[in-house]
Each structure stands twice: as structure tokens, then as C-alpha cells.
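Trainee: Residue numbers (this note's numbering), protein chains in the order written: chain A, 1 to 225; chain B, 1001 to 1225; chain C, 2001 to 2225; chain D, 3001 to 3225.
4 protein chains.
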Amino acid sequence: MTNKLILVFTFFALLLMYSFKADKKKKVIFFGDSITQAGVEPKGYISILKDILAKQGINGYELAGAGIGGNKVYDLYLRLEDDVISQSPDIVVIWVGVNDVWHKRSFGTGTDADKFEKFYRAIIKKIEAAHAKVVLVTPATIGEKNDYSNELDGDLNKYSSIIRNIAADKQLPLIDLRRIFTDYEKANNPSNADRGILTADGVHLNDKGNQFVAEQVWTVLKDVK
Amino acid sequence: MTNKLILVFTFFALLLMYSFKADKKKKVIFFGDSITQAGVEPKGYISILKDILAKQGINGYELAGAGIGGNKVYDLYLRLEDDVISQSPDIVVIWVGVNDVWHKRSFGTGTDADKFEKFYRAIIKKIEAAHAKVVLVTPATIGEKNDYSNELDGDLNKYSSIIRNIAADKQLPLIDLRRIFTDYEKANNPSNADRGILTADGVHLNDKGNQFVAEQVWTVLKDVK
Amino acid sequence: MTNKLILVFTFFALLLMYSFKADKKKKVIFFGDSITQAGVEPKGYISILKDILAKQGINGYELAGAGIGGNKVYDLYLRLEDDVISQSPDIVVIWVGVNDVWHKRSFGTGTDADKFEKFYRAIIKKIEAAHAKVVLVTPATIGEKNDYSNELDGDLNKYSSIIRNIAADKQLPLIDLRRIFTDYEKANNPSNADRGILTADGVHLNDKGNQFVAEQVWTVLKDVK
Amino acid sequence: MTNKLILVFTFFALLLMYSFKADKKKKVIFFGDSITQAGVEPKGYISILKDILAKQGINGYELAGAGIGGNKVYDLYLRLEDDVISQSPDIVVIWVGVNDVWHKRSFGTGTDADKFEKFYRAIIKKIEAAHAKVVLVTPATIGEKNDYSNELDGDLNKYSSIIRNIAADKQLPLIDLRRIFTDYEKANNPSNADRGILTADGVHLNDKGNQFVAEQVWTVLKDVK
Chain A
1 MTNKLILVFT FFALLLMYSF KADKKKKVIF FGDSITQAGV EPKGYISILK DILAKQGING
61 YELAGAGIGG NKVYDLYLRL EDDVISQSPD IVVIWVGVND VWHKRSFGTG TDADKFEKFY
121 RAIIKKIEAA HAKVVLVTPA TIGEKNDYSN ELDGDLNKYS SIIRNIAADK QLPLIDLRRI
181 FTDYEKANNP SNADRGILTA DGVHLNDKGN QFVAEQVWTV LKDVK
Chain B
1001 MTNKLILVFT FFALLLMYSF KADKKKKVIF FGDSITQAGV EPKGYISILK DILAKQGING
1061 YELAGAGIGG NKVYDLYLRL EDDVISQSPD IVVIWVGVND VWHKRSFGTG TDADKFEKFY
1121 RAIIKKIEAA HAKVVLVTPA TIGEKNDYSN ELDGDLNKYS SIIRNIAADK QLPLIDLRRI
1181 FTDYEKANNP SNADRGILTA DGVHLNDKGN QFVAEQVWTV LKDVK
Chain C
2001 MTNKLILVFT FFALLLMYSF KADKKKKVIF FGDSITQAGV EPKGYISILK DILAKQGING
2061 YELAGAGIGG NKVYDLYLRL EDDVISQSPD IVVIWVGVND VWHKRSFGTG TDADKFEKFY
2121 RAIIKKIEAA HAKVVLVTPA TIGEKNDYSN ELDGDLNKYS SIIRNIAADK QLPLIDLRRI
2181 FTDYEKANNP SNADRGILTA DGVHLNDKGN QFVAEQVWTV LKDVK
Chain D
3001 MTNKLILVFT FFALLLMYSF KADKKKKVIF FGDSITQAGV EPKGYISILK DILAKQGING
3061 YELAGAGIGG NKVYDLYLRL EDDVISQSPD IVVIWVGVND VWHKRSFGTG TDADKFEKFY
3121 RAIIKKIEAA HAKVVLVTPA TIGEKNDYSN ELDGDLNKYS SIIRNIAADK QLPLIDLRRI
3181 FTDYEKANNP SNADRGILTA DGVHLNDKGN QFVAEQVWTV LKDVK
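Structure below.
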């Protein structure tokens, strides 16, 4: 081949690679607990987000759920390689914390606050080592009362603070559902009900909650490059 | 004796009884847990309240503590006869709730919310049957953080609500320390410390806390007839 | 009436009273938790005991259940008057303890060992004050493994010891189901299953368990005069 | 150099390396919780084991402690690299489990049985990948009562079974302190005391306990090649 021909070939090869890259969808994995496990169901927040994107003609994303009921932060850690890294995600949305708090009460096996942070940071480190972006999410709610009288409000706020601090410390995008839900309940739960506003049982999202979360996720996710 | 003489005698007898009654001090028993147990120590809130009254020249009260560390509502119930009723109090200030919440975490033996209310009401019933007045107090704090991120804030708010509802339902005087402390922390704990403002360890009153509680108690107690 | 006639009348009156007393059935109330609540169902241990007595032609007993799911010792205490004393029982069989231990794990609201004993003794005192006999029963099992590896075995043994000590101290009849079940499991649970031998779920009796308990209860109950 | 000379040199070099290797002490790291943290103190079990070896003229071992109070299995996992692997041990003795059970009660943050096994196996895997041998130890005791009436006996037996199963499954040496202590208590604790036999407080070894454990450890350790 002449040098000229090589240059032409190289040009087209690069063009092809570029167009291919441009076409490649961003793979987003939602990594979490039962709320995320339900998120892939027809009315779940992940499915709704897919619809939102489709309606807007946005087709640059591939959304997948990796949620397992009852998972705490160290459950995510233990299955991170198998369920997330091995799928080569571009973005991993970590949404965990409800069970780390809740299981203290229900099984005596919640997660110590300092270990919560250690495993959380260890997960981020491994995801970043796999060249994926990370989005953090605070646990939304265990009980929807709006006056901080849900049994586990204090601890849930404490663990949400830990996540906020990690996000600030590592400059990571954050979907602060804890704060967003708290504000929403103050404005939209006049009877101070403990469920039925955005959740079916105080924890798991109802239809409105799934819609709400899908919208909140997109608000942040759309800016993750 | 002539009838006339009898009348005169009766008159003076009644006068005497009345003056005696007027002189009789109101016996106030503070019924509670370790916070009240510490309240009778030299710098405790009960001792401080005695000083406050003495300085104001008010000598119509006799203040006594009946606090035992670790007590929950049903501990109060079990020792109500021996430690309170048998002392013939005029007023009983019930201050309980911290351990009912705390022991869920530390021993697995906290008190169910509905049983908390049942025993609380049973205590009131027995005190009233003994012709004493009852003053209710909500549990002040387990951790002094001002943003509802103390681990047990939610549950403590829940149990405080139960006490508020009983007070409203039965028209009983209430010293709402939970609300008073929460407001105080928002105004006076700018660094969001979990202790050291009104408590030594997040639960037990420091000098400032004892002074503060003594004043708050008097605000309500002075109007209990 | 002549004195002679009075004597004759008195004789017959006494005879009548005696025969009436002889005819009066002994009312036995089984006072407990969900296991006893299920005991009155067609295949429950109380129903089976009725059948056993009927088949043997024994008709001197009236058996009734007063079991409510989730009850701990202080729940029994709180409803003792309404559900038991008011029914004028001759014998009360107290079977409680599983939830006092279990709720430590599941709700954080188990019963402290020393309070368990206090309420237990308070119940006995009230029943005896109502001139009824008391029969004590130790909690059978939470998990049927036969090698002391059920999570709550230690605590269940501890609370059973408390009941045994009360029975010995007060010379009361005891149906020691804890020991009886433990022995049974060692002999009849070769695969070391955690359920399915005498219980459906490790706690609640299956058909065989109900039959077994009915027989064990009768062994003791028949001698309570 | 001639080839002949090279061969001779190589021969002596290998001889030297071999003799060096023969002289090299086996580095044993005891990896655990507060019991092991205390083990390196003058009267601790690790110090005693050093004495035992010294008296027997055995100088092929270097013993080191890596115990931190309050550690559960996942705490060991999190600091495995820093505290153990980086020290290039030949043998790692893993002694953990008390807090995994105990913290369920005291903090609500014990370890789920299935996660206990997962982290335990993950630790073994990493140690073996670093070419060190592993010795497993079951948790000895939480309370010394000999009739399975210590509150946490059931759960401690359950977690000990998990360790036994791992040892059997992976053909690893096991120091079954749970079984050894249980047998010892039956023979040497006639008053059924809950402490004071081999422990000071039911958990942490007293002088006799440290001596006993040192001997038990050596029984197994001496055969680990």
C-alpha cells in the first residue's frame, strides 16, 4: 500500500470507530435492594424511566436493574463483581441504606454506621476502577410521616448524611431522595399518614412513588457524562 | 356542754383544721428513670428547683425524687405503690420514655408503643385513684443533634406523641421537654453536636441541662392546684 | 318449725349443696399467646384435650382458651381481669414466654428476665386471690433443632428456668414443655430439622404437636384438685 | 566463568537458600477480636503460647496478634490486607464470631448467618491466595453456664456450626473452642456460674482461660506444616 492509501484507510477506520462509539448506548445499572428489584417491573421506576426517555426520543441509554430484596451495603459489595462489574456498565446508580437501618430492628443485623461508609466507599472504588461513573442515592423513607416521628427517621437521616458526605467528598452526583421525600411529605401529606403517599407500605414505592423517583433520577442522570 | 359551747368549739376546730391545711405543704414526687435519680443530687434538677423556690420564698412544696436508673414505663408501674402511692403525694410528675425507646436497641427489651400507652394510662389511673394530681413529661433527648439525625429521634418523637395525646385526652398538665429541647437545640447547637449542650452524654443532664429542666418544670408545676 | 324439723332440713340442704358442688364442672382457662389462640381451633390442643376427656367419659371439666397472638407476660397481666378473672375459673393454665424472648429479636421489645418474673408472679398472685388454682407451663420451642443451635435456645432455656424456679418456690404444678420437647427432639428428630416434627414453623404446633401437648397437659391437669 | 564454575555456584546458592529457608521462622498471625487483642498482653494466650514454646525449646515460630475489640467477620475482611496479608504470614489463625452474635443484641448490628459464611470464606480465599495456611477457631463462649441457658448459646452454637462446616468442607485445621469450652464447663462448673471459670466476664479470658486456650491452640498449631 502507498502511504496515501494508508491515510485514507485510517481516516475511514477512525470515522467508523467514532460513529460506532457515538452509537453505543450508555449502560446504566441500578444497583440496590427490593425497591430496585421492583423497579424493573412494568410499573417500576426503571421501566417508567425507559418510557420517559422513549417519549422524549432519547435512545442513548440502556437501563438495567440489579436489585435484590433485603440487600444491605455489604450485600452489594459481595455481589458487585458478578452482578455489576461483569456487565461492563458505563454508569452505576447505587441506591442502598434502608435495610442497613431497618435490619437493626427486624433481625438485629443492621450495618454499623462506620462499616456502612467503609463498604460504600469500597464499592465506589471498585466501580471507578472498572471505569464506570457512579451516582449516589440516599434512602428515601421508612414510614412517610412528615414530623420525624417514624420510628427509624433518626437513623435513616444519619445514614443519609453519610452518603451525602461521601458524595461531597468525592464530588459525585447525588440523588438525595431522603431530602426530596421529606420535603414532598411536608407539602403533600397533610394527614401525616405513615404510608400511601409515595409508598405502599412506608418503604416500597407505589405507582406515584415510582413515577416520582423516575423523574428525580433523570434530573441527575441526564447530566452524567 | 351547752349547745352554744359546742358551736364555739366547732368553729375553732374548723379554723384550726383549715389553717393546718393551708400550712400543709404540697408533696411533689418526681417519678422516673436515671435522669430523675440524678435529679436529687446536689446539682440535680430537683435540688435546683428547691433552690429556686427557696430564693423566691415559696415554701408550700415538698419535693422528692423517685427515680431509678434504667426504668421503663412498666418498671414505674410495678413500683408505683411502694415508691409513690405509699408516700401520699399531692402531685406526681411522671417523666419516663427514654429507656422504653433506648432499650430496643441496647437490650432488645424496649416497650411496644401500644403497651407504653397502656401502662402509662394505668399509672395515671392509680395515681388519680389515690387523689393525687399528675403532671406528664415527654422524654427530652437521646442525642442532641438538631437535624433529626440522632439514631433514635424518630422513635422518641413517636413516644412523645403518645404522651402528648394522653395529656390532651385527659386534660393533664404537660411539660413537653421533647419539643422544648428540640427547639433549644435548633437555636443553641450551631455545630450540631450530639452532646454537651444540655446533656453530658446525649441523655443525662449536665449542669446547664439540670438548671434548664428545673425552670421548665416550675413553669408548669406552679399552676397545678 | 321444731328443732327436729330444722335439723332434717339442714341435712338435706347440705346434701343438695354437696351434690351440686360435685356436679359443678371445673372451669379451666388456658391463658397464653398465639399457640393457645390456635389451641381452640378444631385440631388445636384444647380441642383435642376435650376429645380425650370425652372418650374417657370424664365430664368434670369445662375447657376454655384465652390466647392472643403475640402476647408476652405483661400482655397477659394487662388483660388478666377482663379475659380470665371475670370468667371465674377454677384452674388457670399459664403458657407464655415465647414472645418475651422472640420479640427481643423481631421487634426489640422482648421482656427483661427480671420483669418477666415480676409480672409472672403478679399474675399468679391475682389468680390465687381470685381463688383459682394455677398451672405453669414452660415455653416449648423456637426452632426444633436438637443440638441447642436454634438461635434463641439459650434465652428460651433461661426463661424456662425462671418459670421452673417459680413453680418450685410456690409449689405449683408445672408442665415443663421446654424439657419435654427437648427430650422429644433428641429422640425423634434424627435429621436435626428446625421444624416439622411437633411444629409447623418451629413455634406453632402441627397436628402431632397439638396431640402431644394435649396429652402432656392432661398428665398434670388431672391431678390438680 | 566456565559452565562448570556456574554449576558449582548455583549448587551452593541453592544450598544457602535452602538452609536459610530452613532457618526462617513460621510467622503465625492470630486474627480476631478483643479476646485476641488481649492475647498479646503479658498474661494473654499468645504470650503464654510463646512461653510454652520457649520452655520446650521450640523456636521455629514467630507469633503475632492482630486482634481489635468489637471486630466481626466483616471487620476482619476489611482490614485483612493491611493487618495480615501485608505482614506475609505463614499461618493465620482466624478467631471470630462472638461479636457477630453479640452485636445483634447490643447494637442491632450482628452479622446475618449467610453473610458470616460468605465473608469467612472470602477471608480464607484471600489468605490462601497469599500462600498462607489457615487455622479456624470457633467462638468459645458468651456466658459460662453449662446447661445451654446463656442467652446467646443457641446462636453461638449456630455460628460455630458454620465454621465447623467450612473447616470440613475445605479440609482446614480447626480449634473447636466452642465444643472444648462446653465440655470443660460441664466438667468444671458445678455451680453453673455464668463467669469466673475460664472467663472474667463470660466472654474475655481470665488467667486460667488464657492458659487453657494457649494449650488448645498449640495442640492444633503444632501439626500445621
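Heads up, the beta-carbon is just placed ideally off N, CA and C, and yes, glycines get one too.
G1154(B) touches chain D at which residues, Cβ-Cβ below 7 Å?
Mentor: As a first step, residue 1154(B) must be located in the second sequence, where it is residue number 154. Going along chain D, no residue has its Cβ under 7 Å from G1154(B), so there is no contact; the nearest lies around 14 Å.
Trainee: Compare the beta carbon distance of N1099(B) and G154(A) with 7 Å and say whether it is the shorter of the two.
Mentor: Stepping through the second sequence from its first residue, residue 1099(B) is reached at position 99. Stepping through the first sequence from its first residue, residue 154(A) is reached at position 154. Not a contact, by the Cβ cut-off of 7 Å.
Trainee: Between F2031(C) and V2093(C), which are expected to be in contact by the criterion C-beta below 8 Å, what is the C-beta distance as a whole number of angstroms?
Mentor: Counting from 1 along the third sequence, the entry for residue 2031(C) is found at position 31. Counting from 1 along the third sequence, the entry for residue 2093(C) is found at position 93. That pair is a contact at about 7 Å.
Trainee: If you run the structure through DSSP and keep just helix, strand and coil, what is V3040(D)?
Mentor: Locating residue 3040(D) in the fourth sequence gives position 40, where the first residue counts as 1. Reduced to three states, the DSSP call for V3040(D) is helix.
Trainee: Is F2181(C) near the ligand ADP - that is, is its Cβ less than 6 Å away from at least one heavy atom of it?
Mentor: This structure lacks the ligand ADP, and indeed carries no ligand of any kind.
Trainee: Give the straight-line distance between the Cα atoms of Y1045(B) and N1071(B), rounded to the nearest whole angstrom.
Mentor: What you label residue 1045(B) is simply residue 45 of the second sequence in a count that begins at 1. What you label residue 1071(B) is simply residue 71 of the second sequence in a count that begins at 1. When rounded, the distance between both Cα atoms is 18 Å.
Trainee: For T1109(B), which residues of its own chain have a beta-carbon under 7 Å away from its beta-carbon, when the five flanking residues on both sides are left out?
Mentor: On the second sequence, residue 1109(B) is found 109 positions in, with the first residue counted as 1. Only H1103 meet the Cβ criterion.
Trainee: Give every residue of the same chain whose Cβ lies closer than 7 Å to the Cβ of W218(A), excluding the five residues on either side of it in the sequence, and list them in chain order.
Mentor: Taking the first residue of the first sequence as position 1, residue 218(A) is located at position 218. These residues qualify, in order along the chain: L49 and I52.
Trainee: Let me check one thing: in DSSP terms, what residues is K1126(B) bridge-paired to?
Mentor: By one-based count along the second sequence, residue 1126(B) stands at place 126. Answer by DSSP bridge pairing: none, since K1126(B) is not bridged.
Trainee: Are the C-beta of G2108(C) and some C-beta of chain A separated by less than 7 Å?
Mentor: Along the third sequence, one-based indexing puts residue 2108(C) at 108. Taking Cβ atoms only, chain A reaches closer than 7 Å to G2108(C), which makes this a yes.
Trainee: Check for me: the alpha helix (DSSP H) holding F2212(C) runs from which residue to which?
Mentor: Position 212 of the third sequence, counted from the start, is the residue given in the question as residue 2212(C). Taken as a continuous stretch (DSSP letters only), the alpha helix (DSSP H) holding F2212(C) covers D2207 to L2221.
Trainee: Whose C-alpha, out of S1086(B), D1033(B), N1210(B) and R1164(B), is nearest the C-alpha of H1131(B)?
Mentor: Here the question's residue 1131(B) lines up with position 131 in the second sequence. Comparing Cα-Cα distances from H1131(B) to each of S1086(B), D1033(B), N1210(B) and R1164(B), the minimum goes to S1086(B).
Trainee: From this set, A3214(D), K3024(D) and D3223(D), which residue's C-alpha is nearest E3041(D)'s C-alpha?
Mentor: Along the fourth sequence, read from residue 1 onward, the residue named residue 3041(D) stands at position 41. The residue with the shortest Cα to Cα distance from E3041(D) is A3214(D).
Trainee: Evaluate G143(A) with the Cβ neighbour count: other Cβ atoms within 10 Å of its Cβ, from every protein chain shown; 16 or more gives buried, anything less gives exposed.
Mentor: Locating residue 143(A) in the first sequence gives position 143, where the first residue counts as 1. Burial call: buried.
Trainee: Closer than 9 Å, Cβ to Cβ, to anything on chain C: give me those residues from the stretch 103-132 of chain A, in chain order.
Mentor: Result list: K104, R105, S106, F107 and G108.
Trainee: So the beta strand (DSSP E) F3031(D) belongs to, where does it begin and stop?
Mentor: The residue given as residue 3031(D) occupies position 31 in the fourth sequence. K3026 to G3032 is the extent of the beta strand (DSSP E) around F3031(D).
Trainee: What is the residue span of the alpha helix (DSSP H) that Y2184(C) lies within?
Mentor: Residue mapping note: residue 2184(C) aligns to position 184 of the third sequence, counting from 1. Start and end: L2177 to N2188.
Trainee: Please compile the residues from chain D whose C-beta is within a distance smaller than 7 Å of the C-beta of Y74(A).
Mentor: Within the first sequence, numbered from 1, the residue matching residue 74(A) stands at position 74. Neighbours of Y74(A) on chain D, chain order: Y3074 and K3115.
Trainee: Is Y1148(B) close to chain A, meaning its C-beta is less than 7 Å from at least one C-beta of that chain?
Mentor: Here the question's residue 1148(B) lines up with position 148 in the second sequence. With 7 Å as the cut-off, Y1148(B) counts as an interface residue toward chain A.
Trainee: What are the residues in the stretch 1051-1079 of chain B lying within 8 Å of chain C by C-beta distance?
Mentor: Residues Y1074, D1075 and L1078.
Trainee: Please report the residue range of the beta strand (DSSP E) in which E62(A) lies.
Mentor: Counting from 1 along the first sequence, the entry for residue 62(A) is found at position 62. Its beta strand (DSSP E) spans residues Y61 to G67.
Trainee: Using a Cβ-Cβ cut-off of 7 Å, state whether K158(A) counts as contacting chain B.
Mentor: Reading the first sequence from its first residue, position 158 is the one you call residue 158(A). Chain B, which has a Cβ nearer than 7 Å to the Cβ of K158(A), makes this yes.
Trainee: Please state whether the Cβ-Cβ distance between Y3077(D) and I3029(D) is less than 7 Å.
Mentor: Position 77 of the fourth sequence holds residue 3077(D). Position 29 of the fourth sequence holds residue 3029(D). In this structure, I3029(D) does not lie closer than 7 Å to Y3077(D) by Cβ.
Trainee: Could you give the C-beta distance for L1174(B) and V1134(B), rounded to a whole number, given that I count them as a contact under 8 Å?
Mentor: Within the second sequence, residue 1174(B) is the residue found at index 174, counting from 1. Within the second sequence, residue 1134(B) is the residue found at index 134, counting from 1. Their Cβ separation, rounded to whole angstroms, is 10 Å, which puts L1174(B) and V1134(B) out of contact at 8 Å.
Trainee: Please say whether N2157(C) and N2192(C) have beta carbons closer to each other than 7 Å?
Mentor: Here the question's residue 2192(C) lines up with position 192 in the third sequence. Here the question's residue 2157(C) lines up with position 157 in the third sequence. No, Cβ-Cβ distance for N2192(C) and N2157(C) is not below 7 Å.
Trainee: With a threshold of 16 other CB atoms inside 10 Å of the CB of Q2991(D), please say whether the residue is buried or exposed.
Mentor: Residue 2991(D) lies beyond the range of chain D shown here (3001 to 3225); nothing can be said about it.
Trainee: When the Cα atoms are used, what is the spatial distance from V3137(D) to Q3216(D)?
Mentor: Locating residue 3137(D) in the fourth sequence gives position 137, where the first residue counts as 1. Locating residue 3216(D) in the fourth sequence gives position 216, where the first residue counts as 1. Near 10 Å, if we compare the C-alpha coordinates of Q3216(D) and V3137(D).
Trainee: What alpha helix (DSSP H) runs, 4 residues minimum, are completely inside the stretch 3094-3169 of chain D?
Mentor: Fully enclosed alpha helix (DSSP H) runs of 4 or longer: 3098-3106 and 3113-3129.
Trainee: Is the Cβ-Cβ distance between V101(A) and Y148(A) less than 7 Å?
Mentor: Counting from 1 along the first sequence, the entry for residue 101(A) is found at position 101. Counting from 1 along the first sequence, the entry for residue 148(A) is found at position 148. Taking 7 Å as the Cβ cut-off, V101(A) and Y148(A) do not qualify as a contacting pair.
Trainee: Note down the Cα distance separating G2209(C) from E2062(C), rounded to an integer number of angstroms.
Mentor: Here residue 2209(C) refers to the residue found at position 209 of the third sequence. Here residue 2062(C) refers to the residue found at position 62 of the third sequence. If you take the alpha carbons of G2209(C) and E2062(C), they lie about 22 Å apart.
Trainee: Output the distance between the C-alpha atoms of D207(A) and L198(A), rounded to the nearest integer angstrom.
Mentor: Residue mapping note: residue 207(A) aligns to position 207 of the first sequence, counting from 1. Residue mapping note: residue 198(A) aligns to position 198 of the first sequence, counting from 1. Distance between the alpha carbons of D207(A) and L198(A): 8 Å.
Trainee: Please state if the CB of T1036(B) and the CB of G1067(B) are separated by a distance shorter than 7 Å.
Mentor: Stepping through the second sequence from its first residue, residue 1067(B) is reached at position 67. Stepping through the second sequence from its first residue, residue 1036(B) is reached at position 36. It is a contact, given that the beta carbons lie within the stated cut-off.
Trainee: Cutting at 7 Å between CB atoms, please list the residues of its own chain near F1116(B), excluding the five before and the five after it.
Mentor: Translated into positions along the second sequence, residue 1116(B) becomes position 116. The residues are V1073, D1100, Y1159 and I1162.
Trainee: Since I2035(C) sits in a beta bridge, which residues does DSSP pair it with?
Mentor: On the third sequence, residue 2035(C) is found 35 positions in, with the first residue counted as 1. In the DSSP output, where bridge partners are listed per residue, I2035(C) has none listed.
Trainee: Measure from the C-beta of S191(A) to each C-beta in chain B and report whether the shortest distance is under 7 Å.
Mentor: Indexing the first sequence from 1 puts residue 191(A) at position 191. Closer than 7 Å: no.
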